[in-house]
Amino acid sequence: MYLGTDLDKINHDELLELYNKTKDFVSFLDNEIETVEVEKKVK
Amino acid sequence: MSDIIDKLNSQIDADKEVLSVLPKNNKKNVKAYQDKAEAIKQEYASFLNDVSAEIKRRNVKINSISLNPKIPELSTEIEEMEDIRLVDNNATPFEKMKLDETLYILKRFYKNNLELVNNSILNCIEIFKKVGVELEAKDFNYSIYTKEYMETFLEETKKGDMNSQKVKDTFEQIYWKCSDIILHIELNFRSLYYKNEKTITSHFESESKRILKQVGLSKEEALKKLDSMKLKLQDLMNKDTSLILDKFKSGERFTKDYEPSNIQKYYKKLIGCTTDEVEKHILDEYNQNIEKLSYSLNEYKNYLKFKFIFDEVMAIYNDKQKYKKVYNDKMKQIQKLEGKLFKGNKKIEKYSKHKGLISKLFSGKNQKKLDKINIDSNSQILELKTIYRELEDNKVNNIIAENLNEASTIYDVLLLISVFYSFLVKVIIKQYEDMDQEQIAAMITEFRQFVNFSNTTVLNNIKIAEDKDIALVIKDKYNLCNINLEKGDFSEENIENIIATANNICEYNYIINSRLGLEDIKFVMESDKILEREKQ
């Protein structure tokens with residue numbers, strides 16, 4: 001994934017914010033995958 | 001919000017949108033939904049890896065900033081130069097060899113275990129050895145008990161275990177006969193010091209000559225050099241990037257205190273405006289004066305902390321007529337009493353050697369005589385204890401009376417008294433009754449560090465006869481440099497605030513002039529936590 005700027009060019013705050021937001025979204029996706037897995041079993 | 005964060009948010013929204021429109025009404029669609037979610041996740045997980053690697057790269061780069069090599073080099077040089085303090089005339093050889101500190105542990109034996117007591121006995125023996133006096137069992141002739149214990153102690157120490165079962169058994173056996181055994185040993189060491197005082201004094205005289213020859217300077221020049229080296233070290237340490245970072249990582253400092261908005265508030269308090277309202281050369285001058293102010297305030301704070309020691313010395317100084325000649329009288333009393341004691345001990349030894357024969361010839365009569373000499377010897381030792389304690393007190397009182405005069409400064413008083421461990425212990429206990437031995441030792445170390453720190457500018461300029469208001473002196477001095485200080489800033493409730501204000505400005509300047517910025521420090525603090533979590 002490329003967001004238009006190299007990671008070594010951004011400041012510390014941006015880098016940490018990218019980390020936190022991406023990590024949150026990965027957790028959200030994990031949760032989604034797990035939830036639909038349960039739904040699949042029910043169906 | 002920055003461009004890259006905007007793009008990430010848009011990307012996340014778009015991907016959420018893609019997922020939201022996918023149907024999940026049957027198993028096949030749910031599977032398709034899962035596959036899509038998994039594919040998106042893989043993409044973000046891979047991106048997260050890249051972000052994490054960049055965080056790690058920056059974290060390692062900042063954390064690998066090492067200590068300025070000049071700091072350990074200069075510290076070693078200072079440590080070597082510290083021997084120059086032996087040239088100091090205030091301390092007697094008794095303090096120079098640190099016998100006062102070691103005997104203090106013996107004096108307070110009841111608070112320690114036998115191993116600690118043995119350890120300080122061994123320390124005393126080694127201390128004597130260092131100054132050219134090799135002690136043997138025969139030197140411990142204060143009583144039959146000191147001799148008996150020290151014979152076993154030295155024998156077992158030679159074998160490599162000063163705390164052996166044999167030593168413990170011997171101690172226990174003696175203790176029931178004479179519970180003052182440790183007092184006897186302590187006084188024996190004191191007596192041995194005075195017996196060998198000439199040898200010890202000449203050892204320190206030749207050491208002083210050797211040290212001065214080695215540094216190739218006069219005493220005054222050498223002390224001056226030592227002071228300037230210490231100042232240089234302090235400056236290097238204040239400005240060292242890795243040490244600055246350590247202070248934040250250890251929780252000693254907090255980044256919020258150094259946010260520019262806070263720093264501007266501090267400047268406003270001290271110089272009446274913010275940094276962008278003054279020209280650079282004027283700001284530089286202000287910064288230099290604020291750094292000096294920070295040292296002066298810390299000096300004042302330490303003075304207040306240790307004022308009870310200063311007051312105690314001044315009480316003695318103001319009563320100095322009382323102490324003259326007492327020291328010599330006490331010394332004479334000790335010599336006379338020890339003469340009697342050693343004579344009695346010799347008799348006991350003689351009787352003990354021929355005990356079998358004597359008891360056959362004179363039955364119980366001589367045993368009674370032997371017992372009487374022994375009882376006399378114990379009471380003589382208790383009397384000697386009192387005189388030795390008085391002698392110790394009087395020695396310091398005498399030195400205070402002889403060395404201080406109206407021209408002495410507050411700093412002279414503190415420097416003079418800093419070498420007398422037992423005196424400091426006594427004064428600290430008087431002030432803080434509940435302090436334990438470790439806390440007392442820590443307070444003495446702190447006091448000595450304060451006194452031996454070379455950047456003293458206030459206390460070394462105020463004479464004891466002047467009775468000046470130190471807070472006012474500092475306030476007036478810095479008002480002249482256009483720094484806003486009020487008398488109220490020095491009150492008990494405000495002093496910490498004004499110190500923090502000056503210190504924070506200084507440290508802020510050290511930070512911005514170091515190899516790191518406040519942002520780097522904040523990043524390291526945050527990324528350390530992230531990397532730690534990732535390890536788990």
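Top line first, the protein sequences correspond to chains A and B.
For the first sequence, the numbering used here gives the first residue as 1, with consecutive numbering after it.
For the second sequence, the numbering used here gives the first residue as 1, with consecutive numbering after it.
By construction, the Cβ of each residue, glycine as well, lies at the ideal position given by its N, Cα and C atoms.
What you are looking at is a predicted structure, and each value in this text was computed from that prediction instead of being measured.
The region 5 to 25 of chain A makes contact with the region 1 to 10 of chain B, as at least three CB pairs between them are under 8 Å. The residue from B/Glu532, B/Ile381, B/Lys31 and B/Ile512 with its alpha-carbon nearest to that of glutamate 259 of chain B is B/Ile512. Contact annotation: isoleucine 470 of chain B and leucine 459 of chain B have beta-carbon atoms nearer than 9 Å.
Note on phenylalanine 254 of chain B: under 16 other CB atoms within 10 angstroms of its CB, so exposed under the neighbour-count rule.
Taking C-alpha positions only, glutamate 34 of chain A is separated from glutamate 54 of chain B by approximately 30 Å. With respect to chain A, the C-beta atom of phenylalanine 248 of chain B has no partner C-beta closer than 9 Å. Residue environment analysis places phenylalanine 308 of chain B among the exposed positions, since fewer than 16 neighbouring C-beta atoms fall within 10 angstroms of its C-beta. With a 10 Å radius around the Cβ and a threshold of 16 neighbouring Cβ atoms, arginine 515 of chain B comes out exposed.
Here leucine 154 of chain B is not near cysteine 124 of chain B, since their CB atoms are 9 Å or more apart. Under the three-state reduction of DSSP output, threonine 457 of chain B falls in the coil class, being neither helix nor strand. Comparing C-alpha distances from histidine 12 of chain A to each of B/Ala39, B/Val51 and B/Glu17 shows the shortest one belongs to B/Val51. Residues of chain B whose Cβ lies closer than 8 Å to the Cβ of valine 26 of chain A are, in chain order, Lys41, Tyr44, Ala45 and Leu48. If you draw a straight line from the Cα of glutamate 349 of chain B to the Cα of phenylalanine 342 of chain B, it is about 10 Å long. When secondary structure is reduced to three states using DSSP, threonine 409 of chain B falls in the strand class. Short of 6 Å from the beta carbon of tyrosine 432 of chain B, and not among the five residues preceding or following it, lies no beta carbon of its own chain. Here tyrosine 142 of chain B really is in contact with serine 191 of chain B; their C-beta atoms are around 7 Å apart, less than 8 Å.
Identification of chain A residues near aspartate 520 of chain B by a Cβ-Cβ cut-off of 9 Å yields His12, ordered along the chain. Counting the other Cβ atoms within 10 Å of the Cβ of aspartate 246 of chain B gives fewer than 16, which makes it exposed. Between serine 66 of chain B and serine 242 of chain B a beta carbon distance of about 6 Å is seen, short of the 8 Å cut, so the two are scored as contacting.
Judged by DSSP in its simplified three-state form, lysine 395 of chain B adopts helix. Excluding its 5 nearest sequence neighbours in each direction, isoleucine 498 of chain B has C-beta neighbours in its own chain below 6 Å: Asp489, listed in chain order.
Rounded to the nearest whole angstrom, the C-alpha separation of valine 425 of chain B and glutamate 252 of chain B is 29 Å.
By the Cβ rule, the region 180 to 189 of chain B does not count as touching the region 212 to 231 of chain B, because fewer than three pairs are nearer than 8 Å. Residue pairing for lysine 463 of chain B: DSSP places it in a beta bridge opposite B/Thr409.
DSSP, read as helix, strand or coil, puts proline 93 of chain B in helix. At least 9 Å separates the beta-carbon of isoleucine 410 of chain B from that of isoleucine 316 of chain B. It is roughly 40 Å from the alpha-carbon of glutamate 438 of chain B to the alpha-carbon of lysine 265 of chain B. Annotation: Cβ neighbours of serine 52 of chain B in chain A (cutoff 8 Å, chain order): Tyr19. Using a Cβ distance threshold of 9 Å, leucine 212 of chain B and isoleucine 84 of chain B count as a contacting pair. With 16 or more other Cβ atoms inside 10 Å of its own Cβ, glutamine 34 of chain B counts as buried.
The beta carbon of tyrosine 33 of chain B sits closer than 9 Å to some beta carbon of chain A.
Put simply, of B/His203, B/Asn59 and B/Asp161 the residue whose alpha carbon is nearest the alpha carbon of isoleucine 127 of chain B is B/His203. In summary, lysine 346 of chain B is exposed, with fewer than 16 beta-carbon neighbours lying within 10 Å of its beta-carbon over all protein chains present.
Contact with chain A is found for alanine 37 of chain B, since one of that chain's Cβ atoms lies less than 9 Å from the residue's Cβ. For aspartate 169 of chain B, the secondary structure class from DSSP, reduced to helix, strand or coil, is helix.
For valine 36 of chain A, the neighbours in chain B by C-beta distance under 8 Å run, in chain order, Lys24, Val30, Tyr33, Gln34 and Ala37.
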